[in-house]
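If you're matching positions, the sequence shown starts at 1 in UniProt numbering and goes up one per residue. Below is one structure, written out as structure tokens; the observations come after it.
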Amino acid sequence: MSTITLKRTGAKMPAVGFGLWKVPRPQCADTVYNALKAGYRLLDGAGDYGNEKEAGEGLARAIKDGIVTREEVFITSKLWNTYHKKERAHELVKYQLKLWGIEYFDLYLIHFPISLEDVDIDAKYPPEWWGLDGKVHPTKVPIRETWEAMEEICELGLAKNIGVSNFQGSLLIDVLRYARIEPQVNQVELHPYLAQKKLVALCKELGIAMTAYSSLGPQSYLELGAHHGVPGLLAHDVVTSIAKATEKSPAQVLLRWTVQQGIAVIPKSNNHDRLLSNLQITSFELTPEQMAQLDELDINLRLNDPQDIHPGLGIFA
Ligand SMILES: NC(=O)c1ccc[n+]([C@@H]2O[C@H](COP(=O)([O-])OP(=O)(O)OC[C@H]3O[C@@H](n4cnc5c(N)ncnc54)[C@H](OP(=O)(O)O)[C@@H]3O)[C@@H](O)[C@H]2O)c1
């Protein structure tokens, strides 16, 4: 399994992991169990995905059956927007660990640089983007307060590594001005339609590892009706011709393009054959010409933009 070494702790983060967003609760435990059995060693979860308890059940079963040990699996989770206040962040991480049935996360990320008004865990979990009145309520918790909470979470041993997600350059640079513990990872949307070359160069310079999400581009957003009407990447001529030349699937080509840049991927599939094939991307290489052809598809198309939910959430504006 190829890995990416995190700067501060030297932890080895698997270059290919399994994403848990939109894995339905009823099948999540079995999917996680089967993913681990197939060889996945990283699970990418979040409070917002609503399936942490079931993911933890799948993990526990795999440990019980001797497929993996806890130490062999790299578990990522994320702090949701309604828990950015210091005391709330502590409350949430403990609640999430309890749902998973584990003692620590290998990586804990601030999910978005967005703070929203508190919603009690008992009232609604996960709270999603909306308050109990169905409206979005941005609030004013500075990222510095949230990052200090993340550092405390790390020092308490509740997370071995901490990082961020959906952060752009100016915010990353600002966090580094005061961080006692530097962010280890930035997880962002990244695919050939949104190659983020400047952000990739900046993270490299800052020693922050990157994980790409939605590596298959619009494919993930079809089921939400949020794919912006662009032609999918899986059927794009450039991708299919490289797939033909390499005797790989279009999805494998897209995942390989990302990993070959030193960026981790976390594809999600509810289909076992696709789940298996998404893992088989470290034993072939794309030529520099094929990499360049895929680079040329960049149209700065962002599919996951919170500003589509509320005009005040323009973190990418
Ligand atoms: N930090 C963040 O804000 C953030 C945001 C979004 C996602 N994420 C993380 O990133 C993970 C991956 O992103 P994602 O779920 O948006 O997108 P993705 O993994 O790029 O794509 C998933 C979609 O592609 C399909 N698919 C998967 N493998 C395929 C294959 N080999 N061939 C054809 N279709 C395939 C899936 O359908 P089937 O299930 O039917 O195969 C699903 O519709 C998430 O699960 C989550 O863990 C993080």
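Each residue gets a CB set at the ideal place from its N, CA and C atoms; glycine is no exception. Just so it is clear, the structure is predicted and the values come from calculations on it, not from any experiment.
Leaving aside the five residues that flank Ser277 on each side, the residues in its chain whose CB is nearer than 8 Å to its CB run, in chain order, Ser249, Ala251, Gln252. The C-beta of Leu132 has fewer than 16 other C-beta atoms within 10 Å across all chains shown, which makes the residue exposed. For the set Leu303, Asp120, Gly157, Asn304, the Cα lying nearest the Cα of Glu103 is the one of Gly157. By the criterion of at least three beta-carbon pairs nearer than 8 Å, the stretch 79 to 98 is in contact with the stretch 29 to 48. Comparing alpha carbon positions, the residue from Leu92, His84, Tyr33, Gly50 closest to Gly66 is Tyr33.
With contacts defined as CB atoms closer than 9 Å, Val16 and Val200 fail to qualify as a contacting pair. Shortest gap from the CB of His236 to any heavy atom of ligand 1: 8 Å or more. The C-beta separation of Gly19 from Pro267 comes to about 6 Å, placing the pair in contact by the 8 Å criterion. DSSP places Val200 within a helical segment (H, G or I) once states are collapsed to three.
With respect to the C-alpha of Asp305, the residue from Ala11, Leu171, Ala226, Gly262 having the closest C-alpha is Ala226. Bounds of the beta strand (DSSP E) holding Ile162 are 159 to 165.
Beta-bridge annotation (DSSP): Phe284 is not paired with any residue. Relative to the Cα of Thr76, the nearest Cα in the group Cys203, Trp21, Ile114, Ser241 belongs to Trp21. Between Val136 and Ile315 a beta carbon distance of about 13 Å is seen, past the 8 Å cut, so the two are scored as non-contacting. The C-beta distance from Leu190 to Ile143 rounds to 21 Å, too long to meet the 8 Å contact threshold.
CA-to-CA, the gap between Gln280 and Lys37 works out to about 14 Å.
Closest in C-alpha terms to Glu52, from the list Phe105, Thr82, Asp237, comes Phe105. Comparing alpha carbon positions, the residue from Met210, Ala243, Pro192 closest to Pro218 is Pro192. Asp44 has its Cβ nearer than 8 Å to a heavy atom of ligand 1. A Cβ-Cβ contact shorter than 9 Å links Leu294 with Val238. Taken from the Cβ of Phe284, every heavy atom of ligand 1 lies 8 Å or farther away. Per DSSP, reduced to three states, the secondary structure at Ser269 is coil, with no helix or strand assignment.
Burial state of Gly207 is exposed, judged by a 10 Å Cβ sphere holding fewer than 16 other Cβ atoms.
Counting the other Cβ atoms within 10 Å of the Cβ of Ser269 gives 16 or more, which makes it buried. Non-local beta-carbon contacts of Asp118 in its own chain, meaning distances under 7 Å to residues more than five positions away in sequence, involve Thr82, Arg88 in chain order.
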